[in-house]
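Colleague: Residue numbers (the numbering used here): 42 to 103.
C-beta: ideal position from N, C-alpha, C; glycine also.
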Amino acid sequence: DPPESGSDSEDREAQGDLTAPLTMGDLKRLLQETSADIKAHTAAELEKQITGLKDDLEALTS
Numbered sequence: 042d043p044p045e046s047g048s049d050s051e052d053r054e055a056q057g058d059l060t061a062p063l064t065m066g067d068l069k070r071l072l073q074e075t076s077a078d079i080k081a082h083t084a085a086e087l088e089k090q091i092t093g094l095k096d097d098l099e100a101l102t103s
């Protein structure tokens with residue numbers, strides 16, 4: 042047997058999520074959560090790139 046991870050209730054919930062049929066509401070919620078995660082990640086990456094470019098520009102012009 043693989044080692045247990047998390048509590049028994051977490052394991053049961055995870056298994057329940059896999060076996061229970063997904064409703065349209067579940068799918069919409071998952072899509073919204075995923076979309077929000079992607080937008081947040083993309084914004085953070087762009088912010089990092091912009092900051093890096095600003096730093097490069099300042100180094101070149103100083």
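1. Helix, strand or coil for Thr64 per DSSP?
2. With a threshold of 7 Å (Cβ to nearest heavy atom), would Asp96 be considered close to the ligand NAP?
3. Going straight from the alpha carbon of Thr60 to that of Leu71, what length do you get?
4. Just the Cα atoms here: how many angstroms apart are Asp96 and Thr83?
Modeller: In this structure, then:
1. Here residue 64 refers to the residue found at position 23 when the sequence shown is read from its first residue. Coil.
2. Only the bare structure without any ligand can be found here, which leaves the ligand NAP out of the picture.
3. Reading the sequence shown from its first residue, position 19 is the one you call residue 60. Reading the sequence shown from its first residue, position 30 is the one you call residue 71. Rounded to whole angstroms, Thr60 to Leu71 spans 16 Å at the Cα level.
4. Counting from 1 along the sequence shown, the entry for residue 96 is found at position 55. Counting from 1 along the sequence shown, the entry for residue 83 is found at position 42. Spanning the two alpha carbons is a distance of roughly 20 Å.
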